[in-house]
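Below is one structure, written out as structure tokens, with a few remarks after it.
In my numbering, the protein residues as written are 1367 to 1518.
And the structure:
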């Protein structure tokens, strides 16, 4: 299947920090979830999917973004996506990969800004920068973890 994302837009934002200013409630685990809630034909060339992206900070707060995404592709592929969703409530793994990757990429950026405004941690691990001597050369190099990127 060859489908492409034609557009993503937000329809709603719900965000809440639990507790009062000065309370130190640190989440033990931050969970993110992307869910497709409906799939319909938008017009003769596109399929529209409504989604919900959730960041759960446990006792510290939540962020919920809702919106829709449009897919384009061959007519038979679009029809297949809609029919499979309506009959089984699922989609092919190739389509799901494209859809959820687009939703996460779009919503994670928004969630970072919202988390900052609510004084919550970003919804992904921040790379840890460690300085130390590398090899036999002079000076220090910074290593960024967990991606393993090095900055000289």
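C-beta atoms are modelled at their ideal positions from N, C-alpha and C, and glycine is treated no differently.
Cβ shell of residue 1377 (< 6 Å), same chain only, five flanking positions each side left out: In the chain shown, residue 1377 corresponds to position 11, counting from 1. So the qualifying residues of the chain are 1432 and 1433.
Taking its Cβ as the centre, do 16 or more other Cβ atoms sit within 10 Å of residue 1373, making it buried, or is it exposed? Against the chain shown, residue 1373 aligns to sequence position 7. Counting Cβ neighbours within 10 Å, residue 1373 comes out exposed, since fewer than 16 surround it.
Cβ shell of residue 1400 (< 7 Å), same chain only, five flanking positions each side left out: Taking the first residue of the chain shown as position 1, residue 1400 is located at position 34. Hits under 7 Å: 1417, 1419, 1466, 1469 and 1470.
Using a Cβ-Cβ cut-off of 7 Å (strictly less than) and excluding sequence neighbours within five positions of residue 1488, which residues of its own chain qualify? On the chain shown, position 122 is the one that residue 1488 refers to. The residues are 1478 and 1481.
Helix, strand or coil for residue 1474? Go by DSSP, reduced to three states. Counting from one through the chain shown, the residue named residue 1474 turns up at place 108. Residue 1474 falls in the helix class under three-state DSSP.
The alpha helix (DSSP H) enclosing residue 1443, as first and last residue numbers: Looking up residue 1443 in the chain shown gives position 77. Residue 1443 -> alpha helix (DSSP H) spans 1441 to 1454.
Is it right to say residue 1385 is buried, meaning 16 or more other beta carbons lie within 10 angstroms of its own, or is it exposed? Here residue 1385 refers to the residue found at position 19 of the chain shown. The residue is exposed, with fewer than 16 neighbouring Cβ atoms inside 10 Å.
Around the Cβ of residue 1490, are there at least 16 other Cβ atoms within 10 angstroms (buried) or fewer (exposed)? Numbered from its first residue, the chain shown carries residue 1490 at position 124. Residue 1490 is exposed by the Cβ-count criterion.
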